[in-house]
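The numbering of the sequence shown is this note's numbering, which starts it at 6 and goes up by one.
Heads up, the thing below is written out as structure tokens.
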Amino acid sequence: MLQDAQRTFIENQINQKIINATSLSGGDINDVFKVETDEETLVIKINDLKRFPEMLEKEFRALDFLKSVSKAIYPSPIAHFSDDESQYLVMEYIAEGSNSSNGQKLLGQHLADQHRCSNKSFGWEENNYIGSLPQINTNKSNWYDFYAENRILYQIKIAFDSGIINKEVLNKVERFCAKIEGLFPKESPALLHGDLWGGNYFIDQNDQPLFYDPAVYYGHREIDIAMTRLFGGFSTEFYESYNESFPLEKGWENRIQYGQLYPNLVHLNLFGVGYLSSVVDVVGRF
């Protein structure tokens with residue numbers, strides 16, 4: 006529920022009167038509201054300023070950039086601001102529709118279009134977040150160093166330091182990282198959503214796909230594809246449409262396990278040992 010003090014603060018920031026505020030699903034770290042004002046309908050995301058410094062400001066910048074370069078549809082960021090305890094992100098509201106075959110086809114096309122946006126290096130202009138965890142985006146000239154150092158080794162160190170894994174698992178992950186260069190086909194950096202599971206998109210009432218909650222960076226496009234296969238929610242039409250628009254290299258389905266190692270490590274750190282077997286199953290072969 007939107008607190009009275011928050012309501013007053015938001016009204017003063019956006020210079021509109023709030024008529025109604027309804028809770029939306031926001032995950033574990035955000036409170037998200039559909040906010041109807043005397044002028045328009047908005048989405049407002051709120052979370053803890055001190056626990057997650059600049060999280061929503063970074064998301065504002067990411068959305069603003071994605072809107073400027075990608076054909077994929079994201080909600081327009083309108084404003085970000087903070088008080089002493091909380092940070093706020095104001096976005097346009099787009100009504101959810103029904104999932105459909107055509108919507109899935111467009112989803113694949115739009116993601117392929119975004120992945121064609123490239124960069125000289127792998128990384129991003131600033132570090133951001135993956136869920137509630139820091140995501141390190143220091144630029145690297147090649148994918149193998151980036152994935153090993155900024156993704157896998159960074160997350161496994163968190164797991165080891167917190168006692169979730171032992172030295173044996175750490176050593177297996179380090180051996181995996183030493184062999185990453187032979188696991189992914191060489192490709193140019195692609196502009197990734199970065200956290201593309203089934204809960205971070207929907208099909209709107211005009212049958213158009215809407216992406217949201219990005220953890221953006223330039224990376225290997227198979228990472229986004231691997232993430233879509235982690236929890237389901239993407240149809241055969243999605244993968245066929247993507248491959249028609251921007252064909253993946255032969256053997257991509259066999260490489261999904263390597264791309265899923267990063268989100269599985271993130272989930273290991275966020276939710277505990279239930280995800281350990283998913284990590285060990287991959288790195289135990291190296």
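Backbone N, C-alpha and C define an ideal beta-carbon position, used for all residues, glycine too.
Source: prediction; values computed, not measured.
Rounded straight-line distance, which links the Cα of F181 to that of Y98: In the sequence shown, residue 98 corresponds to position 93, counting from 1. In the sequence shown, residue 181 corresponds to position 176, counting from 1. CA-CA distance, Y98 to F181, rounds to 43 Å.
Cα-Cα separation between I23 and S30, rounded to whole angstroms: Sequence index remark: in the sequence shown, residue 23 carries index 18 (1-based). Sequence index remark: in the sequence shown, residue 30 carries index 25 (1-based). Cα-Cα distance, rounded: 20 Å.
Option in I163, H225, N132, Y280 with minimal Cα separation from E254: By 1-based counting over the sequence shown, the position of residue 254 is 249. Of the candidates I163, H225, N132, Y280, the one whose C-alpha sits nearest the C-alpha of E254 is H225.
At least 3 beta-carbon pairs within less than 8 Å: the stretch 215 to 232 vs the stretch 76 to 90: With a cut-off of 8 Å, the stretch 76 to 90 and the stretch 215 to 232 count as touching, because enough Cβ pairs lie within range.
Collapsed DSSP secondary structure at I265 in the structure displayed: By one-based count along the sequence shown, residue 265 stands at place 260. In the sequence as presented, Ile is not what sits at residue 265; that position holds Gln. Q265: coil per DSSP, three-state reduction.
Candidates K55, I51, A153, of which the one nearest A84 by Cα: The count along the sequence shown starts at 1 and reaches residue 84 at position 79. Of the candidates K55, I51, A153, I51 places its Cα closest to the Cα of A84.
Host alpha helix (DSSP H) of N176 (start-end): Along the sequence shown, one-based indexing puts residue 176 at 171. Looking at the DSSP string, the run of the alpha helix (DSSP H) that includes N176 is 172 to 183.
Nonlocal neighbours in the same chain, by C-beta distance under 6 Å from S137, ignoring five residues either side: Within the sequence shown, residue 137 is the residue found at index 132, counting from 1. Cβ within range, chain order: I34.
Given T27 as reference, the closest of A10, Q18, F291, V48 once Cα atoms are compared: Looking up residue 27 in the sequence shown gives position 22. Answer by Cα proximity: V48.
Reference K191, options S146, E154, M60, V95, closest by Cα: Here residue 191 is taken as the residue at index 186 of the sequence shown, counted from 1. With distances taken between Cα atoms, K191 lies closest to S146.
Cβ-Cβ distance between W25 and E41 below 8 Å: For the purposes of this step, residue 25 is taken as residue 20 along the sequence shown, with counting starting at 1. For the purposes of this step, residue 41 is taken as residue 36 along the sequence shown, with counting starting at 1. Position check: residue 25 holds Asn in this sequence, whereas Trp was assumed. Contact: yes.
Closest residue to L71 among N144, D88, V95, D118 (Cα-Cα distance): The residue given as residue 71 occupies position 66 in the sequence shown. It is D118 whose Cα lies nearest to the Cα of L71.
Straight-line gap, A67 to L281 (C-alpha atoms, nearest Å): As a working mapping, residue 67 is identified with position 62 in the sequence shown. As a working mapping, residue 281 is identified with position 276 in the sequence shown. For A67 and L281, the distance between alpha carbons rounds to 31 Å.
K55: first and last residue of the uninterrupted alpha helix (DSSP H) it sits in: Here residue 55 refers to the residue found at position 50 when the sequence shown is read from its first residue. According to the DSSP assignment, K55 belongs to no alpha helix (DSSP H), since it is labelled neither H nor E.
Contact check, S193 vs S123, beta carbons under 8 Å: For the purposes of this step, residue 193 is identified with residue 188 of the sequence shown, where counting begins at 1. For the purposes of this step, residue 123 is identified with residue 118 of the sequence shown, where counting begins at 1. In terms of Cβ geometry, S193 and S123 form a close pair [threshold 8 Å].
In DSSP terms, what H85 is bridged to: Indexing the sequence shown from 1 puts residue 85 at position 80. Beta bridge pairing from DSSP links H85 with L94.
Inter-residue spacing [alpha-carbon to alpha-carbon] between N104 and F243: Within the sequence shown, the letter at position 99 stands for residue 104. Within the sequence shown, the letter at position 238 stands for residue 243. A direct Cα-Cα distance of roughly 12 Å separates N104 from F243.
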